[in-house]
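Participant: Under the numbering used here, the first residue of the sequence shown is numbered 197, with each subsequent residue one higher. The following block contains the structure, expressed as structure tokens.
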Amino acid sequence: MEKILYPIGRVVKSHGVRGKIKIDYFGENPEQFSIYPKIFIRDSEGRAQSYEVLEVTLQRPRLILRLKGVERVEETEDLIGKEILVRQEDLPELEEGEFYWFEILGMAVETEQGRRIGTVKEIIPTGANDVYVVKGKRGEILVPATEEVIRRIDRQRRVMSVFRLEGLWEEEDEV
Numbered sequence: 197m198e199k200i201l202y203p204i205g206r207v208v209k210s211h212g213v214r215g216k217i218k219i220d221y222f223g224e225n226p227e228q229f230s231i232y233p234k235i236f237i238r239d240s241e242g243r244a245q246s247y248e249v250l251e252v253t254l255q256r257p258r259l260i261l262r263l264k265g266v267e268r269v270e271e272t273e274d275l276i277g278k279e280i281l282v283r284q285e286d287l288p289e290l291e292e293g294e295f296y297w298f299e300i301l302g303m304a305v306e307t308e309q310g311r312r313i314g315t316v317k318e319i320i321p322t323g324a325n326d327v328y329v330v331k332g333k334r335g336e337i338l339v340p341a342t343e344e345v346i347r348r349i350d351r352q353r354r355v356m357s358v359f360r361l362e363g364l365w366e367e368e369d370e371v
């Protein structure tokens, strides 16, 4: 049985002719990528193939990786557009109040009074703070990931409790 893998980035394109790839890293600190000695990328059949990371070069806002066994630009073509995955046990511990995107995606969103708004379908990084795209009964609602709006996140129940600021959503959006 395959271990559960979590996305930490996406292959954007080849870099040069010697098999390097350019990636978008989903983490906040690109220098942190070097803690992953092994990554996984799914092949065309959906099987996770492991790759040893030989070199990580920062080229803001992206990273350039050299992987063991990928030596020519032709060998990178099937990797372009694919997610870079790691095992859960390889993920670094987070500080109190920090969450991985995969924990937030799919989470139910409700008001502090327990009225349901919807489910987090997407996360948009904006620099200042992330914005959660919540799919509700009347469409999408954009919820800023700030302490003023996000009041509590319950990992076990997979529920995010939010405070409604004027203009974010209407009472009719709540169930």
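Even glycine gets a Cβ: it sits at the ideal position worked out from N, Cα and C.
If you draw a straight line from the C-alpha of Glu279 to the C-alpha of Phe359, how long is it?
Facilitator: Within the sequence shown, numbered from 1, the residue matching residue 279 stands at position 83. Within the sequence shown, numbered from 1, the residue matching residue 359 stands at position 163. The alpha-carbon atoms of Glu279 and Phe359 are separated by roughly 33 Å.
Participant: Check whether the segment 288-302 touches the segment 232-251, counting contact only when three or more Cβ pairs, one atom from each stretch, lie closer than 8 Å.
Facilitator: No, they do not touch.
Participant: Quick check on the DSSP output: the alpha helix (DSSP H) that includes Ile200 runs from which residue to which?
Facilitator: Numbered from 1 along the sequence shown, position 4 holds the residue referred to as residue 200. That residue, Ile200, is in no alpha helix (DSSP H); it is neither H nor E in DSSP.
Participant: Look up Ser210 in the DSSP assignment and give the residues it is bridged to.
Facilitator: Position 14 of the sequence shown, counting from 1, holds the residue named residue 210. Bridge partners of Ser210: Ile217.
Participant: Terminal residues of the continuous beta strand (DSSP E) containing Phe298?
Facilitator: Reading the sequence shown from its first residue, position 102 is the one you call residue 298. Here Phe298 belongs to no beta strand (DSSP E); instead the alpha helix (DSSP H) covers Trp297 to Ile300.
Participant: Around the Cβ of Arg258, are there at least 16 other Cβ atoms within 10 angstroms (buried) or fewer (exposed)?
Facilitator: Working through the sequence shown from its first residue, we reach residue 258 at position 62. By the neighbour-count rule (16 or more Cβ atoms within 10 Å), Arg258 is buried.
Participant: Count the CB pairs spanning the segment 218-226 and the segment 251-268 that are closer than 8 Å, and state whether there are at least three.
Facilitator: Contact holds: three or more Cβ-Cβ distances are below 8 Å.
Participant: For Leu281, does the three-state DSSP call read helix, strand or coil?
Facilitator: Taking the first residue of the sequence shown as 1, we reach residue 281 at position 85. Of the three classes helix, strand and coil, the one that applies to Leu281 here is strand, per DSSP.
Participant: Can you tell me the Cα-Cα spacing of Trp297 and Lys216, whole angstroms?
Facilitator: Position 101 of the sequence shown, counted from the start, is the residue given in the question as residue 297. Position 20 of the sequence shown, counted from the start, is the residue given in the question as residue 216. Approximately 26 Å between the Cα atoms of the pair.
Participant: Ile337 to Arg214, Cα distance in whole Å?
Facilitator: As a first step, residue 337 is located in the sequence shown; it is residue number 141 there, counting from the start. As a first step, residue 214 is located in the sequence shown; it is residue number 18 there, counting from the start. The alpha-carbon atoms of Ile337 and Arg214 are separated by roughly 44 Å.
Participant: Taking the beta carbon of Val282 as the centre, do at least 16 other beta carbons fall within 10 Å, making it buried, or is it exposed?
Facilitator: Here residue 282 corresponds to residue number 86 of the sequence shown, with the count starting at 1. That one is buried.
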